[in-house]
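Mapping the sequence shown onto numbering that gives the first Met the number 0, position 230 (from 1) lands on 229, and the numbers just tick up by one.
Note that CB positions come from ideal geometry on N, CA and C, so glycine has one too.
Heads up, the thing below is written out as structure tokens.
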Amino acid sequence: MAKTMQFLAGAVLALGLALPGHAEDAPTAATVVATVNGKTITLGHMIAAREGLPDQYKSLPPDVLYKGLLDQLVQQTVLEQSLDGKLTPTQTLQLENETRGYLSNIVIQAAAAGAVTDEALKAAYDARFKDAKPQTEYHAAHILVDSEEKANDLKKQLEGGAKFDELAKANSTDTGSGANGGDLGWFGPGMMVKPFEDAVVAAPVGTVVGPIKTDFGYHLILVSETRAAKQPTLEDLHDELASEIQQKAVEAKVEELTKAAKIEKPGEKLDPALLTKTELLDK
0 MAKTMQFLAG
10 AVLALGLALP
20 GHAEDAPTAA
30 TVVATVNGKT
40 ITLGHMIAAR
50 EGLPDQYKSL
60 PPDVLYKGLL
70 DQLVQQTVLE
80 QSLDGKLTPT
90 QTLQLENETR
100 GYLSNIVIQA
110 AAAGAVTDEA
120 LKAAYDARFK
130 DAKPQTEYHA
140 AHILVDSEEK
150 ANDLKKQLEG
160 GAKFDELAKA
170 NSTDTGSGAN
180 GGDLGWFGPG
190 MMVKPFEDAV
200 VAAPVGTVVG
210 PIKTDFGYHL
220 ILVSETRAAK
230 QPTLEDLHDE
240 LASEIQQKAV
250 EAKVEELTKA
260 AKIEKPGEKL
270 DPALLTKTEL
280 LDK
């Protein structure tokens, strides 16, 4: 019995030695995945590299992506080491600029990240429409031609009983709307060039107006109906408002840090043409 227990204990010990590492041996960001002439590349380097990839690359099979990233980091390290730290003055300055830009972007992303809240979105939405006046949308059709003479001739035909949609199909140089009898669908303020919009706003419903000259040619316009424009919902404008909120948060952060910094600009007195003097980089 004692021998059996001794055997089992030895087997368990041997099994334990053969098992994969336990929690304390689990991979971490510091786990070395490769060395290049003594310089280590870690699992953390690989994870960070993956985070910077476009989504289409992140969706690659894990084994393909892992090997690709590892090979890339090894190759980059080999290439980096081949410089032996010897950079030209231009390269050194460019590297400093790249580092400065990267680090500043971290601050920008942090400022933008927490700016968009439900409260901020609601406040931005309310502010946008606080003093908004009711808008009108218009359903109109037009016939576009190259000359005022042609437009006047068509208008006479309309006054004589010709149908607007048939003349549009046969004569309009705007082939897109012309194929639909000149129909432009519904549109609101700011969606058409100003002379056209002004004519539409002033036109009585059901009356042909024109010729109206724009950069496109001469228009005969028929406004068939109008309606009150529907105010977009917060959900409709979510992305647009979120972008504005983030932009304002970043601008506020830049202003805050700039005001707190001691900034001197002796370079403002220099000749701007010096920017083209690339030979200065070699001195």
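> What are the boundary residues of the beta strand (DSSP E) that includes Gly-160?
Replying inline: Unbroken run through Gly-160: none, as it is neither H nor E.
> Does the distance from the C-beta atom of Ile-220 to that of Ala-139 stay below 8 Å?
Replying inline: yes
> To which residues of the same chain is Ser-146 closer than 7 Å at the C-beta, ignoring the five residues directly before and after it?
Replying inline: Tyr-217
> Looking at the unbroken beta strand (DSSP E) that takes in Lys-223, where does it start and where does it end?
Replying inline: Checking the sequence shown, residue 223 turns out to be Ser, not Lys. Counting along the chain, the beta strand (DSSP E) containing Ser-223 begins and ends at 216-227.
> With a CB to CB cut of under 6 Å and the five nearest residues on each side skipped, what residues in its chain are close to Gly-20?
Replying inline: In this predicted model, Gly-20 has a pLDDT of only 44, less than 50, meaning its place in the structure is not dependable; the value taken from the coordinates is given anyway. Taken in chain order, the list of residues that qualify is empty.
> Looking at Leu-153 and Asp-173, is the spacing between their C-beta atoms short of 8 Å?
Replying inline: no
> Mind checking Tyr-137: buried by the 16 CB within 10 Å criterion, or exposed?
Replying inline: buried
> With distances taken between CB atoms, is the gap from Ala-33 to Leu-64 smaller than 8 Å?
Replying inline: no
> Using the rule of at least 16 other Cβ atoms within 10 Å of the residue's Cβ for burial, across every protein chain shown, is Leu-166 buried or exposed?
Replying inline: buried
> What do you reckon, are the CB atoms on Ala-253 and Ser-223 nearer than 8 Å?
Replying inline: Per the sequence shown, residue 253 should be read as Val rather than Ala. Not closer than 8 Å, so no.
> Whole-angstrom Cβ separation of Gln-75 and Asn-36, contact assumed at under 8 Å?
Replying inline: Not quite, the Cβ-Cβ distance comes to about 13 Å (not below 8 Å), so this is no contact.
> How many whole angstroms separate the CB atoms of Thr-225 and Thr-135, which I take to be in contact at a CB cut-off of 8 Å?
Replying inline: 5 Å
> CA-CA distance, Asp-164 and Val-199?
Replying inline: 17 Å
> In terms of residues, what are the limits of the alpha helix (DSSP H) holding Ile-244?
Replying inline: 237-259
> Since Lys-264 is in the alpha helix (DSSP H), which residue starts that stretch and which ends it?
Replying inline: Here Lys-264 belongs to no alpha helix (DSSP H), and DSSP marks it neither H nor E.
>> Does Val-290 come out as helix, strand or coil in the three-state DSSP assignment?
In response: Lying outside 0 to 282, the shown extent of the chain, residue 290 is not represented and no answer is given.
> Leu-157 and Ala-241: beta carbons closer than 8 Å?
Replying inline: no
>> Pull the bridge partners of Tyr-137 from the DSSP assignment, please.
In response: Phe-186, Thr-225
> Is the number of C-beta pairs between the segment 243-263 and the segment 104-120 that are closer than 8 Å three or more?
Replying inline: yes
> From Leu-14 to Asp-24, what distance separates their C-alpha atoms?
Replying inline: Because the pLDDT at Leu-14 is just 35, under 50, the model does not fix this residue reliably, and the value given afterwards should be weighed accordingly. Using only the alpha carbons, I get a separation of about 17 Å.
>> So if DSSP puts Lys-212 in a beta bridge, which residue, or which two residues, is it bridged to?
In response: Tyr-217
> Residues bridged to Ile-142 by DSSP?
Replying inline: Leu-219
> Just to confirm, are Gly-43 and Ala-28 a CB contact at a threshold of 8 Å?
Replying inline: yes
>> According to DSSP, is Thr-206 part of a helix, a strand, or is it coil?
In response: coil
> Whole alpha helix (DSSP H) runs in the segment 30-54 with 4 or more residues, listed along the chain?
Replying inline: 42-50
> In this structure, does DSSP put Gln-230 in helix, strand or coil?
Replying inline: coil
>> Please tell me whether Ile-342 and Ala-126 are closer than 8 Å, where the distance is taken between their beta carbons.
In response: The requested residue 342 is not part of the displayed model; the chain covers only 0 to 282.
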